[in-house]
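First up is the structure itself, then whatever we jot down about it.
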Ligand code: DCB
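In this note's numbering, the protein residues as written are 176 to 531.
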């Protein structure tokens, strides 16, 4: 009798262990399927290689964490309404120094300097895009790399000798139509539609009318991208905007400075409008206005503090090894990674500012 009971109990025990084993295994398979589904969802949305690089770093200042940017109280915020500051390098003209903007260089700026932004300056004139349409391919190559690196990227239509943006308006519309269609699903991309308007032009009659048309083109493809609009006098006339703003919640206005030329008076001007318009310092340097002379680091320090205090995002001019004081790298250093021994005086200063 006793023996029978033991056999029954043993059989029951074996059956329960077996059941638990099967049940557990089922759960695991289910988990795997779920994981796979969400990974597929991400993959379908993005470039094939997109996720590889994110896995390496998990930083809260990058795109996978912050998503589509927004503007609240005239400052940049992420998808969760938290303030965010973008900091990074601008290329010099990519027709001259585009090769320095390679994948491993940008990766090292991200990994070693904590940078979350990169600006691609595509000149319109001076052997830029207007005469040299293949430059677009170079730009795309760089932008794709920055996206793979999970950073934000500014596509800069770099007008300069063509001070009036209306001069190449048709080319700009065509370019931004194609490019904003290509990148419409990427929160990484920020459009800067006219670097530095200058000369005998005004906000009301030249820049704003240009901006409205180009923004219209971009918005047909991308409702959620941030767009930066240059201001008069090489993007210093931010005070001309406030009473004639562009009717678009995701537009920011460019303020550019070179610390050897632009000092307290320009910061005052910015302070006066900070509560009225969102400002992006999409280009600045530690030289004078020519990109050379100096360096003017005391004044640059004041600017960096000013931008930190006011949560103003920035891109520094420039990632180049040209023999001029605003260049990040020493003349002729030809490198594919950011290394201290190749940094100019500007380079050392910018590294510190980036890591602050
Ligand atoms: C801006 C431009 C940028 C220029 C830098 C420094 O121009 F957006 O393209 O870069 O600031 O001047 C310089 C390069 C030089 C290059 C030259 C021409 O560093 O290597 O030879 O572009 O391609 C500014 C900014 C401010 C003012 C004037 C200019 N300003 N500008 O206040 O008067 O005439 O170029």
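The C-beta atom is built at its ideal place from N, Cα and C for all residues, glycine as well.
Predicted, not measured: the structure shown is a model, and the values here were computed from it.
query: Which same chain residues end up closer than 8 Å to residue 448 when comparing Cβ atoms and leaving out the 5 residues on each side of it in sequence?; result: 413, 414, 416, 417, 454
query: Quick one: Cα of residue 369 to Cα of residue 514, how far?; result: 32 Å
query: Could you name the residues that DSSP lists as bridge partners for residue 294?; result: 265, 329
query: Can you round the beta-carbon distance between residue 236 and residue 270 to whole angstroms, since I take them to be within the 8 Å contact cut?; result: Contact doesn't hold; Cβ gap of about 30 Å is too wide.
query: Mind checking residue 242: buried by the 16 CB within 10 Å criterion, or exposed?; result: exposed
query: Just to check my reading of the structure: residue 482 and residue 461 have Cβ atoms closer than 8 Å, yes? What is that Cβ distance to the nearest angstrom?; result: Not really, about 13 Å apart at Cβ, beyond 8 Å.
query: Confirm, please, whether the CB-CB distance from residue 267 to residue 465 is below 8 Å.; result: no
query: Report the three-state DSSP secondary structure of residue 367 (helix, strand or coil).; result: strand
query: In whole angstroms, what separates the C-alpha of residue 272 from that of residue 440?; result: 32 Å
query: Give me the Cα-Cα distance between residue 377 and residue 406, rounded to the nearest whole angstrom.; result: 9 Å
query: Excluding the 5 residues preceding and the 5 following residue 392 in the sequence, name in chain order all residues of the same chain whose CB lies nearer than 8 Å to its CB.; result: 348, 351, 352, 355
query: Grab the span of the alpha helix (DSSP H) containing residue 408 for me, first residue to last.; result: 407–410
query: Figure out for me which residue from 346, 419, 294 has the closest Cα to the Cα of residue 459.; result: 294
query: Does the distance from the C-beta atom of residue 281 to that of residue 329 stay below 8 Å?; result: no
query: Please indicate yes or no: does the CB of residue 239 lie closer than 7 Å to some heavy atom of the ligand GTP?; result: With respect to the ligand GTP, the structure offers nothing, as its ligand set consists of the ligand DCB.
query: Tell me whether residue 343, by its Cβ, gets closer than 7 Å to a heavy atom of the ligand DCB.; result: no
query: Residue 364 and residue 336 - do their beta-carbons sit closer together than 8 Å?; result: no
query: With three or more C-beta pairs closer than 8 Å as the rule, is the region 496–503 touching the region 517–524?; result: yes
query: By DSSP, does residue 232 sit in helix, in strand, or in coil?; result: coil
query: State yes or no: is the C-beta of residue 246 within less than 8 Å of the C-beta of residue 360?; result: no
query: What is the DSSP secondary structure of residue 529, reduced to helix, strand or coil?; result: helix
query: By Cβ distance, which residues of its chain are closer than 6 Å to residue 438, with the 5 residues on each side in sequence left out?; result: 474
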